[in-house]
Amino acid sequence: MISQQNILPATPMGATLVTGGGATFRAWAPRASAVYVNGIFGGVPHIGPTDDLLLSKDANGYWAGFVETAKEGDLYHFWVAGTGSSGYKRDPYARELATDAPFPASSCIIRAADAYPWHDASFVTPDFANMIVYQAHIGTYAIGKPGVASTFLDLIGKIPYLVALGINVLQPLPIDEVETDPSMGYNGADYFSPDFPYVVSDSAALTQYLATINGLLGAKGLAPIALNDISSGPAQLKAFVDLCHIYGIAVVFDVVYNHAGGFTVNNALDDQCIYYFDRAPDVGNNNDSLYFTDQDRGTGGLSFALWNNDVRQFLINNARFYIEEFHADGFRYDEISDLISMNCDSGWSFCCDLTSTLRFLHPRLLQNAEYWPGEVGNYPKSTPSIVASTAAGGAGFDVVQHDGLRAAVRSAIQAAAGGQQASVNFDSIAATLYPQGFAHGWQTVTCVENHDIVKVGTDQRIPYLADSSDRRSWYARSRSRVATGLLLTAPGIPQLFMGQEFLEDKQWSWDATSSYLLGWSGLTSGGDVAMVDHLRFTQDLIRLRWNQPALRGDNVNPFHVDDSNRVMAFHRWLEGIGQDVVVVATLAEATWYNYSVGFPRSGEWAEVFNSDVYDNWVNPMVAGNHGGISAAGPPMHGLPASASIVIPANGFVVFAPA
């Protein structure tokens, strides 16, 4: 049954359908004594380690063969005979896993690489400086049925909401198959397969989702798709990315290349995954496990053996897979600091190879490294070197996660909750408005909430920090507006975490059955007025960032900071162009009237944003500047002009030349 027909040195890994019929199979198992393909091909079972199912091994430890009767949708496994054990292994490159048996005994499914009718040929990934990122967890973002995880197709239904919000980059938490469900996604096992809970298999449900998809396509003048186009897990993920692109939203995938597995007790990885894939003897030393080393990142997950070129290629192939088959616009790389710390020189060179390869494939790709220099042990690298080009000795990433502004803003909000007499450190915020040591502000991704910070058992959401006794009080509402306002008017790529935009005050859990889920009902008619008002605030603040190009630029001058008054003011502008913007914020609990601040030029300035307007929209008692001010005063705060303005309590105002 197995032949070497269609087998070439460039035969892809995994199962690949061949034009004219059949499929090739290829796996890496250098120490195995035999590798067989088992499955149901053309409706006929082929089971067992028999000679007619044996793949052929090359000099580099790769086993390959062709099955003429294999077709789209067929189930298969590899049977690996090693010197330590023998048994089934899932294909590390499987595009989808089946529900024929409970995970981890699931079979793999043969899927075509091009089985979806894309519509996104005209989509262009945004410039980094123009990005606003929205981070969401697929399984808990758009739950329709209580206690059941939401899916890729559920999130398609939220695309109009995201468009109205104004973000242009969606960053889902990891979506590949994991060792445990429910999960945040950071304990991956099958790097090419979408996670089971995120895939819809019920045909009646698929028909309803198809109507939503075709409605969104029709609204853009595009032809409808058929039910078969979304029948598989990979196709549903493709439809999700496709619809995001059609509606102007880039998709950045969160990938975990520093480790695999984890979050389980005494069983970091299951027996049928890539762990000891060639079934060499397991003598308790994970350096013998083919893909891994004995380095553990503290969650049971093992570090990839990045000194091994075949392991490196596996991960680079995974990233290429997301680009080529799912039209990825970028990656958020989990814990690159861990990766480097556990692999040292090989980790650094892997990063260089990875970023260079992907940059060649997709020049506009966003490569975002989560890198914390305090975690790299005896192999320290400065954060700016992570985003330096490989030609200049850097790792070649574009941006890094940055916690400077996040820590300063969260600390200030929590301190302000201590009352008017508490000390609030605006100097710290001023010092972190621009990320020190970086050539461009957009080389950092900033936030005030994210999945790690506000998950159950860690820190709290901003409204809780603002007023833990009443997370819907004026104090909570107004201080939360200040936090988001500082984020969206500062340099950097701002990132929102799901729910932040509508004043979600609960920590979050990745478990769809938990009580820590997004309070979408508050946005419905008769729901939570504070949530509705805060959503409008966030939408308009994002539009302000789009309408004022200086807010997306690099230049910032915090020209006035007064901790005693709890006031700060900063100037944003574009070099050689101007388009000045002045932001003045306070965490004082009373409104400041006739407060004098400097302005970068004299003349009329429009009040283009006032956070106080959004309290009990439209606030009938708004404290503001009647639409504008005249900067006719003398030089002040190092600027050539000044004006007396009104700063609403626990609020901020934004001015631009009239």
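All letters in the sequence shown, in the order written, are residues 0 to 657 by numbering that gives the first Met the number 0.
Note that CB positions come from ideal geometry on N, CA and C, so glycine has one too.
**Proximity of residue 247 and residue 545 at Cβ, strictly below 8 Å** = no
**Prompt:** Roughly how many angstroms separate the alpha carbons of residue 15 and residue 45, rounded to a whole number?
**Reply:** 18 Å
**Message:** Please state the DSSP three-state secondary structure of residue 571.
**Reply:** strand
**Message:** Tell me the rounded alpha-carbon separation between residue 588 and residue 551.
**Reply:** 30 Å
**Request:** Just the C-alpha distance for residue 74 and residue 435, rounded to the nearest angstrom, thanks.
**Result:** 53 Å
**Prompt:** Using DSSP with H/G/I as helix, E/B as strand and the rest coil, what is residue 135?
**Reply:** strand
**Asked** If you run the structure through DSSP and keep just helix, strand and coil, what is residue 640?
**Response** strand
**Message:** Taking DSSP's pairing of strands, which residues face residue 107 in a bridge?
**Reply:** 75 and 96
**Message:** Rounded to the nearest angstrom, what separates residue 265 and residue 299 at their Cα positions?
**Reply:** Legend: pLDDT at residue 265 = 47, less than 50; position of this residue unreliable, no value from coordinates given.
**Sequence ranges, alpha helix (DSSP H) only - wholly within the segment 287-334, length at least 4** = 308-325
**Prompt:** If you compare alpha carbons, which of 22, 424, 485 and 28 is closest to residue 38?
**Reply:** 22
**Request:** Name the two residues that bound the continuous alpha helix (DSSP H) containing residue 593.
**Result:** Counting along the chain, residue 593 falls outside any alpha helix (DSSP H), though it belongs to the beta strand (DSSP E) covering 591-598.
**Request:** Look at residue 259 and residue 188 and say whether their C-beta atoms are less than 8 Å apart.
**Result:** yes
**Asked** Which residue comes first and which comes last in the alpha helix (DSSP H) that contains residue 461?
**Response** 461-465
**Item:** Per-residue DSSP class, three states only, for residue 237
**Value:** helix
**Sequence-distant residues of the same chain with beta carbon closer than 8 Å to residue 47, five excluded per side** = 35, 37 and 78
**Request:** Kindly identify the DSSP beta-bridge partner or partners of residue 366.
**Result:** 330
**Asked** Between the segment 533-543 and the segment 471-481, do three or more beta carbon pairs fall short of 8 Å?
**Response** yes
**Prompt:** For residue 499, which of helix, strand or coil comes out of DSSP?
**Reply:** helix
**Prompt:** With a Cβ-Cβ cutoff of 8 Å, do residue 193 and residue 185 count as a contact?
**Reply:** no
**Asked** Are residue 641 and residue 633 touching if we call contact CB-CB under 8 Å?
**Response** yes
**Request:** Check the C-beta distance from residue 40 over to residue 63 and give it rounded, since I have them as a contact under 8 Å.
**Result:** About 16 Å; that fails the 8 Å criterion.
**Message:** Rounded to whole angstroms, what is the Cα-Cα separation between residue 674 and residue 447?
**Reply:** There is simply no residue 674 to check, as the chain begins at 0 and stops at 657 in what is shown.
**Item:** Coarse secondary structure for residue 441, derived from DSSP in three states
**Value:** helix
**Spatial neighbours of residue 12 in its chain, beta-carbon cut-off 6 Å, leaving aside the 5 residues before and after** = 25 and 92
**Prompt:** Leaving out five residues before and five after residue 364 in sequence, what residues of the same chain have Cβ atoms less than 6 Å from its Cβ?
**Reply:** 329 and 357
**Coarse secondary structure for residue 150, derived from DSSP in three states** = coil
**Asked** How would you call residue 321, buried or exposed, if buried means at least 16 neighbouring beta carbons within 10 angstroms?
**Response** buried
**Integer Cβ distance of residue 32 from residue 104, believed to fall under 8 Å** = So it is not a contact: roughly 23 Å between Cβ atoms.
**Prompt:** When burial is assigned at 16 or more other CB atoms within 10 Å of the CB, is residue 380 buried or exposed?
**Reply:** buried
**Request:** To the nearest angstrom, report how far apart residue 271 and residue 178 are at their CA atoms.
**Result:** 11 Å
**Prompt:** What does residue 25 pair with, by DSSP beta-bridge criteria?
**Reply:** 13 and 63
**residue 546: first and last residue of the uninterrupted alpha helix (DSSP H) it sits in** = 528-546
**Message:** Whole angstroms are fine: how far does the CA of residue 411 sit from the CA of residue 404?
**Reply:** 10 Å
**Request:** State buried or exposed for residue 4, treating a residue as buried only when at least 16 other CB atoms are found within 10 Å of its CB.
**Result:** exposed
**Asked** Do you know offhand how far residue 222's Cα is from residue 236's?
**Response** 19 Å
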